[in-house]
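Chemist: Below are the structure tokens for one structure; questions will follow.
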Amino acid sequence: MGIRDELIRRGIDKARFITPSPLDFSVLTDNYDRQYVEALTSGNLDKKAMRRIGFPWSQQLIERTRTAVAGTCLTASLALQHGKALNLTGGYHHAFADFGSGFCLFNDLYLAAKTMQKSSAIDNVLIVDLDVHQGDGTAKLAENDRDIFTLSIHGEKNFPYRKQQSDIDIGLAKGTEDDEYLQTLEQALALAKRQFQPDAIIYDAGVDVHVNDDLGHLHISTEGVYERDKIVFALAEQLGVPIAAVIGGGYQRDIAALVDVHIQLYRAAGVIS
Numbered sequence: 001m002g003i004r005d006e007l008i009r010r011g012i013d014k015a016r017f018i019t020p021s022p023l024d025f026s027v028l029t030d031n032y033d034r035q036y037v038e039a040l041t042s043g044n045l046d047k048k049a050m051r052r053i054g055f056p057w058s059q060q061l062i063e064r065t066r067t068a069v070a071g072t073c074l075t076a077s078l079a080l081q082h083g084k085a086l087n088l089t090g091g092y093h094h095a096f097a098d099f100g101s102g103f104c105l106f107n108d109l110y111l112a113a114k115t116m117q118k119s120s121a122i123d124n125v126l127i128v129d130l131d132v133h134q135g136d137g138t139a140k141l142a143e144n145d146r147d148i149f150t151l152s153i154h155g156e157k158n159f160p161y162r163k164q165q166s167d168i169d170i171g172l173a174k175g176t177e178d179d180e181y182l183q184t185l186e187q188a189l190a191l192a193k194r195q196f197q198p199d200a201i202i203y204d205a206g207v208d209v210h211v212n213d214d215l216g217h218l219h220i221s222t223e224g225v226y227e228r229d230k231i232v233f234a235l236a237e238q239l240g241v242p243i244a245a246v247i248g249g250g251y252q253r254d255i256a257a258l259v260d261v262h263i264q265l266y267r268a269a270g271v272i273s
């Protein structure tokens, strides 16, 4: 059972789900390196570059990625209309302008920020990345954008081993538990609020911070993930700004258990009890 099935089981009306169309090719070439986009989408990217991404090439992979990235952009647009919106995928924060990495082909977080900034009401976008892996691609893409502020709290001794510089980076030691994690988050968000007055928030709610995650190496409980997500949504409410969220990473082998941790995002957003 996937996230959508579990949300429906918990009472979400099917009419509240919106399926995006694949992202137009021109949007990719306008925002990322054209040579990379053309080589990847045509299946002509060299083997070394595909190994860096981590997936074998297929047309299905390209179509799924275009649709998923479009979903994050749609989530951003819907957040502007409704105050909050949540994607059932997304969080491809290891993708750079001219190469993919870490199972990420195109960086949807950066593109969603640009989508929000097309609105006359949005100038400054805060990207809060709480996936256990640093959002290196996002940091690099946004390094010269003064109106996009990147905050990443991640495992210090985890992929990517060569970190980029976000506006705020906090690396956590292996075994970090709930209390320290949540306190660190509150302090980081308070600092971001002081340094940068966001008009909108994009939130990568990766659950690979969970104690049972195969790749995370942190010791955050399911309730800790829920409290974390509540803190981020509370910031958006406090500031009176829209928030768009994506699910980010999660690598538990037990799919039902993984879905249960991802579901905490929707609990925290108040769409299920």
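Numbering follows UniProt numbering, in which position 264 of the sequence shown is assigned residue number 264; successive positions increment by one, without gaps. Idealized CB from N, CA, C, for every residue including glycine. Quantities reported herein were computed from a predicted structural model and do not represent experimental measurements.
(1) Go ahead and pull the three-state DSSP assignment for Leu151.
(2) Have a look at Gly2, Ala245 and Asp108 and flag the residue whose alpha-carbon is nearest the alpha-carbon of Leu130.
(3) Check whether the stretch 161-180 touches the stretch 139-149, taking contact to mean three or more Cβ pairs, one atom from each stretch, closer than 8 Å.
(4) Relative to the alpha-carbon of Leu258, which residue among Gly100, Glu227, Leu215 and Val241 has its alpha-carbon at the smallest distance?
(5) Hey, is the stretch 204-212 in contact with the stretch 221-233, meaning 3+ C-beta pairs nearer than 8 Å?
(6) Measure the beta-carbon distance from Val69 to Asp108 and round it to whole angstroms, keeping in mind my assumption that it falls under 8 Å.
(7) Would Val125 and Asp199 qualify as a contact pair, given that the criterion is a beta-carbon distance under 8 Å?
(8) Could you name each continuous beta strand (DSSP E) segment of 3 residues or more that falls completely within the stretch 219-261, going from the start of the chain to the end?
(9) For Arg267 versus Tyr226, is the C-beta distance shorter than 8 Å?
(10) DSSP puts Glu177 in a beta bridge; with which residues?
(11) Which partner residues does Ser101 have in the DSSP bridge list?
(12) Going by alpha carbons, who is nearest to Leu88 out of Ala269, Val261, Ala256 and Ile247?
(13) Anyone know if the C-beta pair for Ser235 and Leu172 falls short of 8 Å?
(14) Excluding sequence positions up to five away, which residues of its chain have a Cβ less than 7 Å from the Cβ of Ala97?
(15) Evaluate the contact criterion for the stretch 101-116 versus the stretch 44-64: three or more CB pairs, one atom per stretch, below 8 Å.
(16) So is Ala95 buried or exposed if we call it buried at 16+ other beta carbons inside 10 Å?
(17) Measuring CB to CB, does Ile231 end up less than 8 Å from Leu265?
(18) Among the candidates Lys174, Tyr92 and Thr150, whose CA atom is the shortest distance from the CA of Ala192?
(19) Would you kindly work out how many angstroms separate the C-alpha atoms of Ile3 and Ile263, rounded to a whole number?
(20) Could you give the DSSP three-state label for Asp131: helix, strand or coil?
(21) Select from Arg253, Asp260, Leu185 and Gln195 the residue whose C-alpha is nearest the C-alpha of Arg228.
(22) With DSSP as the reference, label Ala121 as helix, strand or coil.
(23) Which whole runs of the beta strand (DSSP E) in the stretch 42-108 are 3 residues long or more, in chain order?
(24) Is the beta carbon of Ala269 less than 8 Å from the beta carbon of Leu78?
(25) How is the alpha helix (DSSP H) around Asp136 delimited, first residue to last?
(26) Please state the DSSP three-state secondary structure of Ile8.
(27) Exposed or buried, Leu242, counting other C-beta atoms within 10 Å across all chains shown (16 or more means buried)?
(28) Going by the DSSP bridge assignment, what does Tyr203 pair with across the sheet?
(29) Quick check on DSSP: helix, strand or coil for Asp13?
Modeler: Straight from the coordinates:
(1) strand
(2) Ala245
(3) yes
(4) Leu215
(5) yes
(6) 4 Å
(7) yes
(8) 243-246
(9) yes
(10) His219
(11) Beta bridge pairing from DSSP links Ser101 with Cys104.
(12) Ile247
(13) One point to set straight first is that residue 235 is Leu, not Ser, in the sequence displayed. Not a contact, by the Cβ cut-off of 8 Å.
(14) Once the five neighbours on either side are set aside, the close Cβ partners of Ala97 are Tyr32, Asp33 and Leu141.
(15) Remark: three or more beta-carbon pairs, one from each stretch, lie closer than 8 Å, so the stretch 101-116 and the stretch 44-64 are flagged as touching.
(16) Around the C-beta of Ala95, 16 or more other C-beta atoms lie within 10 Å, and the residue is accordingly described as buried.
(17) no
(18) Thr150
(19) 7 Å
(20) coil
(21) Leu185
(22) coil
(23) 84-86
(24) no
(25) Asp136 to Leu141
(26) helix
(27) Strictly speaking, residue 242 in this sequence is Pro, with Leu absent from that position. Its Cβ being crowded by 16 or more others within 10 Å, Pro242 is buried.
(28) Looking at the DSSP assignment, Tyr203 forms a beta bridge with Val128 and Ala245.
(29) coil
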